[in-house]
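Residue numbers (this note's numbering), protein chains in the order written: chain A, 1 to 209; chain B, 210 to 418; chain C, 419 to 627. Note sheet for the following structure.
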Amino acid sequence: MDEAQFITALWVVGILAEAMTGALAAGRRQMDLFGVVIVGCVTAIGGGTVRDLLIGNYPLVWIAHVEYLLAIAVAALLTVAIAPVMRYLSRLFLVIDALGLAVFSVIGAQKTLALGLNPLVAVVMGVVTGVFGGVIRDIFCQSLPLVFHRELYAAVALFTAGLYVLLDHLKVATDLSLLLCLGLGFLFRLLAIRRRWTLPRFHYQESAH
Amino acid sequence: MDEAQFITALWVVGILAEAMTGALAAGRRQMDLFGVVIVGCVTAIGGGTVRDLLIGNYPLVWIAHVEYLLAIAVAALLTVAIAPVMRYLSRLFLVIDALGLAVFSVIGAQKTLALGLNPLVAVVMGVVTGVFGGVIRDIFCQSLPLVFHRELYAAVALFTAGLYVLLDHLKVATDLSLLLCLGLGFLFRLLAIRRRWTLPRFHYQESAH
Amino acid sequence: MDEAQFITALWVVGILAEAMTGALAAGRRQMDLFGVVIVGCVTAIGGGTVRDLLIGNYPLVWIAHVEYLLAIAVAALLTVAIAPVMRYLSRLFLVIDALGLAVFSVIGAQKTLALGLNPLVAVVMGVVTGVFGGVIRDIFCQSLPLVFHRELYAAVALFTAGLYVLLDHLKVATDLSLLLCLGLGFLFRLLAIRRRWTLPRFHYQESAH
């Protein structure tokens, strides 16, 4: 298995895990099976889709390879079937989701650099890829997007994508760079959850007058 | 009137009906006339627009033919004028909406096949075309998208687009295929409403512990 | 300073002001600093981004010039720092926002005409540019979009973009046209706020039966 296959394998694990968290979010809103599939799909591929629309990177991955979309739909439906077990797996899911976040951020940065765009744009697109699936999921489920007010999540995407772009700039070998970014991004997210690291929140209220 | 004109005529009826249901949704939220027009527009053309952005099919229909957008805006405003009568027309609207759903699904699949994309992508795009106008309408109106938890709606789009793609694959003559898809999709939706057919819903709650 | 530099300067003032109103909206929802930055960004550049996606105008401005995105992020974070002062500046912000609305509408129309699209499409894109940043902000913050039910806002965008397209059609010199559109659009918005001009609202309720 070479580098590209390795990252694709991790990406597939990531989108399937995201599909399952999307399905659970739909279940909390008591959606029907179709809602479960759609929310699962947008959670899994929403971030990459927004990225590719913004940078004009056609065709979209899941349109060129519709088999990924089918796998995502199956994963979402499977979640319904195994829902009683899911609550015992919530820790496992946090771990897979942390890995997925790191992978998505790296892939987002990588694809943007491959198009010859500005390194800063690559960092932004890493964040978009890591974060926007969850944002669209929460909008479809009428929730305030989690990533805007919970433990470090987008910050992990920013760190991971930023590190990848930096190492690319320093011409570090790609396999070493991948290892570092995925490892450190993954650890950072797990630590953020365990230590309940959060960013400061901004409370703003107009004064009464 | 040839085949293409026939389906365009049905499409125009469909987008005007969707514009009117969008206007009513805006009215339930007591929006002003501008909100009525915008929600009417996104309801009518949102599904096709999302599809064309996803498959990179430029220019968008309503940008190449802005007269459709004007007609949609007029239909939305007209809805305000005739609102007192609208509640007596709700059955008529369900019927037109059912026809529109079938037409949108067929057109979505047809346009995707015409671009040479995978037949499965064509089915997905049929569903996107049929369903996403309503999803965006509900998000703009701060409602949980109806299509995620009501009678078979997206499932009708899936059936209709799937049947169209299947008949296309079997090289059935287009006029016969259109007749079958529109007729059966339309009937399926009407039956779903009358018999209150629904998909199973997924209730998920984390256990207290 | 030539014409293009002048309008770019006004545009920068406009996006920075929008970034700050986005940050305040995030603060009302007690988002964390990352949420503040993201909501600030989508408020500032959401309208132009939606426009460019719809007309296929790649690359997006903030991707070709990522320094604007950085400035927006800084403005959003700065807003948190100076929040205690912000409530005394609310009038100033209404004025800058009114200017920004006029500038965004003109730019939206201008860019669309420059692509050789239909003048009516240019008017629509002026409105999209002026309005959709606020729409996305409100959706991210789980509010009913303000522009759908408050004082004339979208109507000002429609007037400004319409006037620009009309003057362009009449071959009025661009500098005179810019002056007229920006001046009148700005005044129109200020008057709408002061006199509390609103569009009629549409109240629709299904009858009980």
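All residues carry an ideal CB built from backbone N, CA and C; glycine is no exception. From a predicted model like this one, the values you see are computed outputs, not experimental measurements.
Alpha carbon to alpha carbon, what distance is there between residue j and residue i?
i, j, result
"leucine 301 of chain B", "leucine 308 of chain B", "11 Å"
"threonine 561 of chain C", "cysteine 350 of chain B", "According to the sequence shown, residue 561 of chain C is serine rather than threonine. Approximately 9 Å, taken between the alpha carbons."
"asparagine 327 of chain B", "alanine 311 of chain B", "21 Å"
"isoleucine 365 of chain C", "leucine 178 of chain A", "Because chain C in this structure spans residues 419 to 627, residue 365 of chain C falls outside the shown range and cannot be described."
"glycine 394 of chain B", "glycine 342 of chain B", "18 Å"
"lysine 529 of chain C", "arginine 195 of chain A", "49 Å"
"leucine 69 of chain A", "valine 61 of chain A", "10 Å"
"glutamine 5 of chain A", "proline 59 of chain A", "20 Å"
"alanine 363 of chain B", "arginine 346 of chain B", "15 Å"
"threonine 288 of chain B", "glutamate 276 of chain B", "18 Å"
"alanine 417 of chain B", "threonine 252 of chain B", "Bear in mind that the predicted position of alanine 417 of chain B carries a pLDDT of just 44, short of 50, making it unreliable; the figure below should be weighed with that in mind. If you take the alpha carbons of alanine 417 of chain B and threonine 252 of chain B, they lie about 40 Å apart."
"tyrosine 582 of chain C", "histidine 65 of chain A", "45 Å"
"glycine 474 of chain C", "glutamine 414 of chain B", "43 Å"
"valine 248 of chain B", "leucine 576 of chain C", "16 Å"
"asparagine 563 of chain C", "valine 259 of chain B", "The question names asparagine, but residue 563 of chain C is proline in the sequence shown. Distance between the alpha carbons of proline 563 of chain C and valine 259 of chain B: 20 Å."
"histidine 378 of chain B", "alanine 284 of chain B", "37 Å"
"threonine 426 of chain C", "isoleucine 15 of chain A", "41 Å"
"arginine 29 of chain A", "histidine 412 of chain B", "7 Å"
"threonine 616 of chain C", "leucine 113 of chain A", "48 Å"
"leucine 570 of chain C", "valine 513 of chain C", "14 Å"
"tryptophan 220 of chain B", "leucine 399 of chain B", "18 Å"
"aspartate 515 of chain C", "isoleucine 254 of chain B", "30 Å"
Does the beta-carbon of residue i, which I'm using as the reference point, lie nearer than 7 Å to any heavy atom of the ligand MG?
i, result
"alanine 284 of chain B", "Although the ligand MG was asked about, the structure shown includes no ligands whatsoever."
Helix or strand or just coil, what does DSSP make of residue i?
i, result
"arginine 404 of chain B", "coil"
"arginine 619 of chain C", "strand"
"aspartate 175 of chain A", "helix"
"glutamate 436 of chain C", "helix"
"glutamate 151 of chain A", "strand"
"aspartate 420 of chain C", "coil"
"histidine 627 of chain C", "Confidence at histidine 627 of chain C is low in this model, with a pLDDT of 43, below 50, so its placement is unreliable and the value that follows should be read with caution. Coil, per DSSP."
"alanine 520 of chain C", "helix"
Note down, in chain order, every chain C residue with its Cβ under 7 Å from the Cβ of residue i.
i, result
"histidine 256 of chain A", "What is shown of chain A runs 1 to 209, which leaves residue 256 of chain A out entirely."
"glycine 244 of chain B", "Phe566 and His567"
"leucine 184 of chain A", "The contacting residues do not exist; leucine 184 of chain A stays about 19 Å from chain C at best."
Under the rule that 16 or more other beta-carbon atoms within 10 Å means buried, what is residue i, buried or exposed?
i, result
"lysine 171 of chain A", "exposed"
"methionine 438 of chain C", "buried"
"histidine 149 of chain A", "buried"
"glycine 116 of chain A", "exposed"
"aspartate 593 of chain C", "exposed"
"tyrosine 88 of chain A", "exposed"
"isoleucine 500 of chain C", "exposed"
"valine 85 of chain A", "exposed"
"methionine 419 of chain C", "exposed"
"glutamate 421 of chain C", "exposed"
"serine 105 of chain A", "buried"
"proline 200 of chain A", "exposed"
"glycine 183 of chain A", "exposed"
"leucine 24 of chain A", "buried"
"alanine 591 of chain C", "exposed"
"leucine 451 of chain C", "buried"
"leucine 472 of chain C", "buried"
Starting from residue i, find everything on chain A with Cβ-Cβ shorter than 9 Å and list it in chain order.
i, result
"isoleucine 425 of chain C", "None at all; the shortest Cβ gap to chain A is about 24 Å."
"isoleucine 247 of chain B", "Within 9 Å Cβ-Cβ: nothing; isoleucine 247 of chain B doesn't reach chain A, min ~17 Å."
"leucine 287 of chain B", "Near leucine 287 of chain B there are no residues of chain A at all, since even the closest Cβ is about 30 Å away, more than 9 Å."
For residue i, which residues in chain B fall below 7 Å Cβ to Cβ?
i, result
"threonine 461 of chain C", "Within 7 Å Cβ-Cβ: nothing; threonine 461 of chain C doesn't reach chain B, min ~16 Å."
"leucine 598 of chain C", "Under the 7 Å cutoff, chain B gives no residues; its nearest Cβ is about 23 Å from leucine 598 of chain C."
Whose Cβ in chain B lies nearer than 8 Å to the Cβ of residue i?
i, result
"threonine 616 of chain C", "Asp241"
"leucine 24 of chain A", "Tyr413"
Residues of chain C with CB under 9 Å from residue i, in chain order?
i, result
"isoleucine 55 of chain A", "Tyr476, Pro477, Leu478 and Ile481"
List the residues of chain A whose Cβ lies closer than 7 Å to the Cβ of residue i, in chain order.
i, result
"leucine 400 of chain B", "Result: empty, since nearest Cβ-Cβ is about 17 Å, beyond 7 Å."
Residues of chain B with CB closer than 9 Å to the CB of residue i, please, in chain order.
i, result
"leucine 531 of chain C", "Within 9 Å Cβ-Cβ: nothing; leucine 531 of chain C doesn't reach chain B, min ~13 Å."
Run down chain C in chain order and give the residues with a C-beta less than 8 Å from the C-beta of residue i.
i, result
"valine 124 of chain A", "Val484 and Leu487"
"threonine 50 of chain A", "Going by the sequence as given, residue 50 of chain A is valine instead of threonine. Chain C residues near valine 50 of chain A: none, gap ~10 Å exceeds 8 Å."
"valine 121 of chain A", "Ile481 and Val484"
- prompt: In the stretch 498–529 of chain C, which residues sit with their C-beta less than 8 Å from some C-beta in chain A, listed in chain order?
  reply: Near chain A, meaning a CB-to-CB distance below 8 Å, the residues of the stretch 498–529 of chain C are Val498, Ala501, Met504, Arg505 and Ser508.
query: What residues in the stretch 132–166 of chain A have a beta carbon less than 9 Å from any beta carbon of chain B?
result: Result list: Ile139, Phe140, Cys141 and Gln142.
- prompt: Going along the chain, which residues of the stretch 479–491 of chain C sit with their C-beta nearer than 8 Å to a C-beta in chain A?
  reply: Against chain A - using a Cβ distance shorter than 8 Å - the residues of the stretch 479–491 of chain C are Ile481, Val484, Leu487 and Leu488.
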